[in-house]
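Novice: Structure in structure tokens, see below.
2 protein chains.
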Amino acid sequence: MNYSRQRELILETLKEYAIHPNAEELYIKVHEKDKNISKGTLYRNLNRLAKEGIIKKIDGLDSSSHFDHNIHEHYHLICTKCNRIFDIEKETTQIPQLNIENDFKVLSYDIIFKGICKECSNK
Amino acid sequence: MNYSRQRELILETLKEYAIHPNAEELYIKVHEKDKNISKGTLYRNLNRLAKEGIIKKIDGLDSSSHFDHNIHEHYHLICTKCNRIFDIEKETTQIPQLNIENDFKVLSYDIIFKGICKECSNK
DNA sequence: ACCAAAAGTAGTAATAATTCCTATTTTTAT
DNA sequence: ATAAAAATAGGAATTATTACTACTTTTGGT
Chain S
9 MNYSRQRELI
19 LETLKEYAIH
29 PNAEELYIKV
39 HEKDKNISKG
49 TLYRNLNRLA
59 KEGIIKKIDG
69 LDSSSHFDHN
79 IHEHYHLICT
89 KCNRIFDIEK
99 ETTQIPQLNI
109 ENDFKVLSYD
119 IIFKGICKEC
129 SNK
Chain Z
9 MNYSRQRELI
19 LETLKEYAIH
29 PNAEELYIKV
39 HEKDKNISKG
49 TLYRNLNRLA
59 KEGIIKKIDG
69 LDSSSHFDHN
79 IHEHYHLICT
89 KCNRIFDIEK
99 ETTQIPQLNI
109 ENDFKVLSYD
119 IIFKGICKEC
129 SNK
């Protein structure tokens with residue numbers, strides 16, 4: 009993977025997010041910094057970075073993919089009321105143990121919990 | 009949820025699949041049985057059925073959602089080479105234990121493993 | 001069985017999300 | 001300095017999904 013200024017900018021901008029933006033949301037911020045950056049470049053790099061394990065791709069919230077710069081191992085909670093993604097620490101979850109290593113080489117995994125967050129429950 | 013012939017047909021057709029089709033793939037089969045069924049109806053019902061826990065929505069393979077009629081608890085393996093979804097039984101995985109029940113009411117969860125399947129490894 | 005309200009649908013339009021394409025630019029290794 | 005490889009910009013094209021509206025079906029009460 010050769011260096012590219014654009015990829016650096018994309019990664020750097022993603023890191024400024026506390027939430028987990030999708031490509032469109034991220035594009036707005038990236039575009040503020042570099043008017044010439046293209047959507048193709050954004051998508052290409054987000055997918056590349058995710059494949060390399062430098063960022064995480066989160067699916068399941070809506071029809072778009074969301075991205076997480078946090079590579080420290082953790083899982084995700086999706087509130088189906090307010091449509092927000094919350095992080096959940098590994099420590100509160102038992103690590104899945106697979107007996108399938110011979111059949112499938114696991115490179116990454118995510119656990120996505122769906123439900124209602126505290127805030128929405130109290131409404 | 010009122011009865012609808014179309015929803016029955018969609019569910020019945022999904023159950024004929026061993027693999028995990030996306031809406032488009034399913035539409036082809038459903039459309040063979042009922043020429044008048046619309047995409048809107050398909051999407052509406054797939055999402056409804058998934059929300060009710062009657063079927064499972066699987067995200068993460070590509071930009072489309074895939075669906076699984078198998079409600080028996082299990083997780084998923086996605087091969088990033090051949091782009092196929094494999095089922096993995098609960099028995100081979102420790103059930104995630106959450107300490108967050110007070111903060112988040114979990115309604116469902118899925119574990120998505122990504123990696124290379126045996127077949128693709130042997131190539 | 002009849003009927004009104006509620007729920008659901010068909011068909012199509014619109015939007016959103018993502019990928020593809022090509023000429024140009026940048027990076028990298030020599 | 002330079003050529004090959006990798007990456008980008010910009011826009012077109014495609015794919016996936018949702019929205020809209022008039023019409024049809026379901027349901028529960030009579």
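As given, the protein sequences belong to chains S and Z, one line each in that order.
This note's numbering puts the first residue of the first sequence at 9, with every later residue one more than the last.
This note's numbering puts the first residue of the second sequence at 9, with every later residue one more than the last.
The beta carbon of each residue, even a glycine, is placed where N, CA and C say it ideally should be.
Please report whether the beta-carbon of LYS47/Z lies at a distance below 7 angstroms from any beta-carbon of chain S.
Specialist: Interface criterion not met: the Cβ of LYS47/Z is under 7 angstroms from no Cβ in chain S.
Novice: Run the CB neighbour count on ASP70/Z, radius 10 Å, all protein chains shown included, and call it buried at 16 or more, exposed below.
Specialist: exposed
Novice: Run down chain Z in chain order and give the residues with a C-beta less than 8 angstroms from the C-beta of GLY123/S.
Specialist: PHE112, LYS113, VAL114, LEU115, SER116
Novice: Only counting the same chain, and skipping five residues up and downstream in sequence, which positions put a Cβ closer than 8 angstroms to that of ILE124/S?
Specialist: CYS87, THR88, LYS89
Novice: Can you list the residues of chain S that GLY68/Z reaches, using a CB-CB cut of under 7 angstroms?
Specialist: ASP67
Novice: PHE94/S and HIS84/S look like a contact to me (Cβ under 8 angstroms); what is the Cβ gap, rounded to whole Å?
Specialist: 7 angstroms
Novice: Could you tell me the alpha carbon to alpha carbon distance between LYS122/Z and HIS77/Z, rounded to whole angstroms?
Specialist: 21 angstroms
Novice: Grab the span of the alpha helix (DSSP H) containing GLY48/Z for me, first residue to last.
Specialist: Counting along the chain, the alpha helix (DSSP H) containing GLY48/Z begins and ends at 47-59.
Novice: Using CA atoms only, rank isn't needed, just tell me which of LYS64/Z, SER73/Z, LYS23/Z is closest to GLU81/Z.
Specialist: LYS64/Z
Novice: Closest to LEU54/S by C-alpha separation, out of LYS43/S, LEU34/S, GLU127/S, would be which residue?
Specialist: LEU34/S
Novice: Measuring alpha carbon to alpha carbon, tell me which residue in SER116/S, ASN130/S, ILE120/S, LYS126/S is nearest LEU59/S.
Specialist: Checking the sequence shown, residue 59/S turns out to be Lys, not Leu. Of SER116/S, ASN130/S, ILE120/S, LYS126/S, the residue nearest in Cα terms is SER116/S.
Novice: According to DSSP, which residues form a beta bridge with SER129/Z?
Specialist: In DSSP, SER129/Z forms no bridge with anything.
Novice: Mark ILE36/Z as exposed unless 16 or more other C-beta atoms lie within 10 angstroms of its C-beta, in which case mark it buried.
Specialist: exposed
Novice: Determine whether the Cβ of ILE18/Z lies closer than 7 angstroms to any Cβ atom of chain S.
Specialist: no
Novice: Thinking C-beta only, is ILE62/Z closer than 7 angstroms to HIS28/Z?
Specialist: no
Novice: Can you tell me the Cβ-Cβ gap for VAL38/Z and LEU19/Z, rounded? I've got them flagged as a contact below 8 angstroms.
Specialist: So it is not a contact: roughly 10 angstroms between Cβ atoms.
Novice: Looking only at its chain, what residues have a beta carbon closer than 8 angstroms to the beta carbon of LYS47/S, apart from the 5 residues adjacent to it on each side?
Specialist: So the qualifying residues of the chain are ALA31, TYR35.
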